[in-house]
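Single-structure report; data block below.
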Amino acid sequence: MMCMKQFLFVILLLNVFIVNAQNPEGFDSNCKKYITGSIPLVYPSQLYSVIKSPNTVVLDARGKSEFEVSHIYKAQYVGYEKFNINNIGEVSKSDSIYIYCSIGYRSEKIGEQLKKQGYKNVFNLYGGIFNWVNSGYKVIDKENNQTKNVHGYDKEWSKMLNSKKSSVVLNK
Numbered sequence: 002m003m004c005m006k007q008f009l010f011v012i013l014l015l016n017v018f019i020v021n022a023q024n025p026e027g028f029d030s031n032c033k034k035y036i037t038g039s040i041p042l043v044y045p046s047q048l049y050s051v052i053k054s055p056n057t058v059v060l061d062a063r064g065k066s067e068f069e070v071s072h073i074y075k076a077q078y079v080g081y082e083k084f085n086i087n088n089i090g091e092v093s094k095s096d097s098i099y100i101y102c103s104i105g106y107r108s109e110k111i112g113e114q115l116k117k118q119g120y121k122n123v124f125n126l127y128g129g130i131f132n133w134v135n136s137g138y139k140v141i142d143k144e145n146n147q148t149k150n151v152h153g154y155d156k157e158w159s160k161m162l163n164s165k166k167s168s169v170v171l172n173k
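Take the sequence shown: its letters are residues 2 to 173, numbered as in our numbering.
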């Protein structure tokens, strides 16, 4: 029979394994290097719970080729390098706007621009599409079909994707 200390040790090991399986290649430490928190952060489960609400807008701040490989349901491509506030369409300044990129850096910068323009409810998806997929949520391709493909941005960043939950695509 297992004693209490052995049992607790096994539970501790299982927790470490589960956290590491959901946190490939130091996911949190990499995100925290680039995200300042200037825009309020939300996590995948929070976005998932409101994504179908009528006043929820989801913006993708990645490159066009990244978006075409896969994106979050309801996401509108706005890009990063050539972002133009006029491209977000009919969005009310009081709508809830959720922005994402690969991990949250580019989306935070777009969020800052939206805040300066008077948009009140702007949120940055912590860990971006990588965290979304690593958390088990689905993505769709440019034809709106569910896919496991995710653009990894580049070889180094793609290590942050959990390969059991997605297939990494580069240079597409």
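The C-beta atom is built at its ideal place from N, Cα and C for all residues, glycine as well. All values reported here derive from a predicted model rather than from experimental measurement.
Span of the beta strand (DSSP E) holding residue i?
{"i": "residue 77", "result": "76–78"}
{"i": "residue 120", "result": "Counting along the chain, residue 120 falls outside any beta strand (DSSP E), and DSSP gives it neither H nor E."}
{"i": "residue 66", "result": "Taken as a continuous stretch (DSSP letters only), residue 66 belongs to no beta strand (DSSP E), being part of the alpha helix (DSSP H) at 65–70."}
{"i": "residue 97", "result": "97–101"}
In angstroms with no decimal places, state the Cα-to-Cα distance between residue i and residue j.
{"i": "residue 42", "j": "residue 58", "result": "15 Å"}
{"i": "residue 133", "j": "residue 90", "result": "24 Å"}
{"i": "residue 153", "j": "residue 94", "result": "32 Å"}
{"i": "residue 78", "j": "residue 62", "result": "7 Å"}
{"i": "residue 169", "j": "residue 159", "result": "7 Å"}
{"i": "residue 36", "j": "residue 30", "result": "10 Å"}
{"i": "residue 17", "j": "residue 54", "result": "Reliability of the predicted coordinates at residue 17 is poor, the pLDDT of 37 falling under 50, and the value obtained from them is presented with this limitation in mind. Rounded to the nearest angstrom, the two C-alpha atoms are 35 Å apart."}
{"i": "residue 164", "j": "residue 84", "result": "30 Å"}
{"i": "residue 123", "j": "residue 161", "result": "25 Å"}
{"i": "residue 117", "j": "residue 111", "result": "10 Å"}
{"i": "residue 120", "j": "residue 109", "result": "14 Å"}
{"i": "residue 44", "j": "residue 115", "result": "20 Å"}
{"i": "residue 48", "j": "residue 98", "result": "10 Å"}
{"i": "residue 34", "j": "residue 92", "result": "31 Å"}
With residue i and residue j assumed to form a contact (beta carbons below 8 Å), what rounded beta-carbon distance in angstroms separates them?
{"i": "residue 104", "j": "residue 32", "result": "5 Å"}
{"i": "residue 74", "j": "residue 130", "result": "Not really, about 12 Å apart at Cβ, beyond 8 Å."}
{"i": "residue 56", "j": "residue 96", "result": "5 Å"}
{"i": "residue 39", "j": "residue 113", "result": "6 Å"}
{"i": "residue 136", "j": "residue 46", "result": "7 Å"}
Using the Cβ count rule (16 or more neighbours within 10 Å means buried), how would you classify residue i?
{"i": "residue 82", "result": "exposed"}
{"i": "residue 171", "result": "exposed"}
{"i": "residue 27", "result": "exposed"}
{"i": "residue 80", "result": "buried"}
{"i": "residue 86", "result": "exposed"}
{"i": "residue 167", "result": "buried"}
{"i": "residue 156", "result": "exposed"}
{"i": "residue 1", "result": "Missing from the structure shown is residue 1; the chain here goes from 2 to 173 and no further."}
{"i": "residue 64", "result": "buried"}
{"i": "residue 22", "result": "Low confidence applies to residue 22: its pLDDT is 42, below 50, so where it sits in the model is not reliable enough to give any reading."}
{"i": "residue 144", "result": "exposed"}
Can you give me the Cβ contacts of residue i inside the same chain, cut-off strictly under 6 Å, excluding the 5 residues immediately before and after it?
{"i": "residue 71", "result": "140, 142, 148, 150, 151"}
{"i": "residue 68", "result": "61, 78"}
{"i": "residue 88", "result": "79"}
{"i": "residue 102", "result": "62, 63, 108, 129"}
Quick one: residues in its chain with C-beta nearer than 7 Å to the C-beta of residue i, no 5 flanking neighbours on either side, listed in chain order?
{"i": "residue 128", "result": "28, 32, 104, 105"}
{"i": "residue 52", "result": "59, 74, 75"}
List the endpoints of the continuous alpha helix (DSSP H) containing residue i.
{"i": "residue 29", "result": "28–35"}
{"i": "residue 60", "result": "Per DSSP, residue 60 belongs to no alpha helix (DSSP H); it is in the beta strand (DSSP E), 57–61."}
{"i": "residue 134", "result": "129–135"}
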